[in-house]
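Here the protein sequences come in this chain order: F and V. Using our numbering, read the first sequence as starting at 655 and increasing by one per residue. Using our numbering, read the second sequence as starting at 191 and increasing by one per residue. Backbone N, C-alpha and C define an ideal beta-carbon position, used for all residues, glycine too.
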Amino acid sequence: MKSLADLHALRDKLKSDLKLRKESGTKIIIGMGTCGIAAGAREVMAAVLDELARRHLTDVQVQQTGCIGMCDKEVLLDVLRPGEARITYGNVKPEDVSKIIANHVVNGNIVEDMVVGKIENK
Amino acid sequence: MGELALNILDLAQNAVAAQATLIRIEVAENEEGFLVFRIADNGRGMEQSFLEKVRDPFVTTRTTRKVGMGIPLVDMAAQQCGGRMDITSRPGKGTEVTASFRRDNIDCPPLGDVAGSIAVLLAGAPATDVLFSYKGSRGDFVFDSRNIREELGEACDFSHPELAAWVRAYLQQEIDRVKEEGRAI
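Okay, here's the thing in structure tokens:
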């Protein structure tokens, strides 16, 4: 049974992660335009949040963006590690999320066969 | 879209894009057999001239493509199952979209995962507040993200995976408590 009282217990955890989340800088960005949502962006974002919680990767930030014009490749998911190129993955399904997080977010190895875009870090 | 909860998420994203600080989302199972949802925001709103054209998929503010499907998809889904969509807006005040769907119509989409939509909405736009209410046949339920924000203070971060998971589970539990019994939504 969930209740608002759970928030007391969560508060300390959230507070201690606050600084970590500001400093880490690794970001996962999901396309949440109409095209993204219709293609399954909600499920992909939920899968990302679940996977981050499961792996205790609470320093990774999840963000959203609107349509960037590659609607046919939605769901689009970008991984941006500090100092590295911004990688855009396309046609992402919830079941791809753990692979992207394990290989790229954690270990820095790009999942090449899913990449649809790359913006070099300047 | 396949489920109304996705239309709700999509319309709420329009509110986020319109720089709303508060989005009211109401879902109600009414006595006349309709499922009704309303999304009202305090964002920048639209001019009357734009409002008149907004059901047209070839009208959009976006710059990446000359097609905007969000509103037309809701309009079409509502009309297909004997309901309707109304939209009002005032520049500087906000926008309100109300849509109704006749639940016994075969073309009525399922409501779907509203709890997931709200949790993902807050995770993606953690500075925006959401006042969500569900009026079911067994009671009403209200969730106000401002209460959570007050409770958690500066530690409040709706994009934190553990808080997002809590929001989703809590909403699902409460919706299940008040929604019509035995109906898959």
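Closer than 8 Å to chain V by CB, residue i
| i | result |
| --- | --- |
| Ala693 (chain F) | no |
| Asp671 (chain F) | yes |
| Leu674 (chain F) | no |
| Ala645 (chain F) | Residue 645 (chain F) is absent from the structure shown; chain F starts at 655 and stops at 776. |
| Leu734 (chain F) | no |
| Val716 (chain F) | yes |
| Thr688 (chain F) | yes |
| Lys656 (chain F) | yes |
| Ala701 (chain F) | no |
| Ala707 (chain F) | yes |
| Thr712 (chain F) | yes |
| Gly679 (chain F) | no |
| Asp660 (chain F) | yes |
| Arg740 (chain F) | no |
Start-to-end residues for the beta strand (DSSP E) that takes in residue i
| i | result |
| --- | --- |
| Gly326 (chain V) | 319–326 |
| Lys772 (chain F) | 769–773 |
| Lys596 (chain F) | Residue 596 (chain F) lies beyond the range of chain F shown here (655 to 776); nothing can be said about it. |
| Thr278 (chain V) | 275–280 |
| Ser678 (chain F) | From DSSP, Ser678 (chain F) is part of no beta strand (DSSP E) but of the alpha helix (DSSP H) over 660–678. |
| Ser290 (chain V) | 284–292 |
| Asp231 (chain V) | 224–231 |
Other residues of its chain near residue i: CB distance less than 8 Å, five sequence neighbours each side excluded
| i | result |
| --- | --- |
| Asp294 (chain V) | Gly223 |
| Glu364 (chain V) | Tyr324, Phe331, Phe333 |
| Gly329 (chain V) | Arg367, Val368 |
Sequence-distant residues of its chain with Cβ nearer than 6 Å to residue i (five each side left out)
| i | result |
| --- | --- |
| Phe322 (chain V) | Ile215, Ile308, Phe333 |
| Phe348 (chain V) | Leu312, Ala313, Pro316 |
| Gly690 (chain F) | Glu728, Val729 |
| Pro748 (chain F) | Glu697, Val698, Ala701 |
| Asp671 (chain F) | Thr712 |
Beta carbon proximity, residue i to chain F, threshold 8 Å
| i | result |
| --- | --- |
| Ile338 (chain V) | yes |
| Glu341 (chain V) | yes |
| Gln363 (chain V) | yes |
| Val264 (chain V) | no |
| Asp334 (chain V) | no |
| Gln203 (chain V) | yes |
| Glu352 (chain V) | yes |
| Met259 (chain V) | yes |
| Val310 (chain V) | yes |
| Asp366 (chain V) | no |
| Ser323 (chain V) | no |
| Asp347 (chain V) | yes |
| Gly314 (chain V) | yes |
| Asp200 (chain V) | yes |
| Ser307 (chain V) | yes |
| Ala359 (chain V) | yes |
| Met236 (chain V) | no |
Distance CB(residue i)-CB(residue j) smaller than 8 Å
| i | j | result |
| --- | --- | --- |
| Lys681 (chain F) | Gln715 (chain F) | yes |
| Leu199 (chain V) | Arg696 (chain F) | yes |
| Leu674 (chain F) | Thr712 (chain F) | yes |
| Gln203 (chain V) | Met768 (chain F) | no |
| Glu193 (chain V) | Pro299 (chain V) | yes |
| Val702 (chain F) | Tyr743 (chain F) | no |
| Thr285 (chain V) | Arg228 (chain V) | no |
Span of the alpha helix (DSSP H) around residue i
| i | result |
| --- | --- |
| Phe240 (chain V) | 238–241 |
| Gln363 (chain V) | 351–368 |
| Glu376 (chain V) | In the structure as shown, chain V starts at 191 and stops at 375, and residue 376 (chain V) therefore has no counterpart that could be examined. |
Opposing strand residues paired with residue i [DSSP bridges]
| i | result |
| --- | --- |
| Gly329 (chain V) | V:Gly326 |
| Ile741 (chain F) | F:Val733, F:Lys772 |
| Ile215 (chain V) | V:Ile229, V:Phe322 |
| Asp713 (chain F) | DSSP, once it has assigned bridges, lists no residue as partnering Asp713 (chain F). |
| Thr719 (chain F) | F:Gly685 |
| Asp334 (chain V) | V:Leu321 |
Proximity test, residue i beta-carbon vs the ligand GDP heavy atom, cut-off 7 Å
| i | result |
| --- | --- |
| Val746 (chain F) | Of the ligands one can find in the structure shown there are none, so the ligand GDP has no counterpart to examine. |
Chain-order list of residues whose beta-carbon lies under 7 Å from that of residue i (same chain, five-residue window excluded)
| i | result |
| --- | --- |
| Arg245 (chain V) | Ile261, Pro262, Asp265 |
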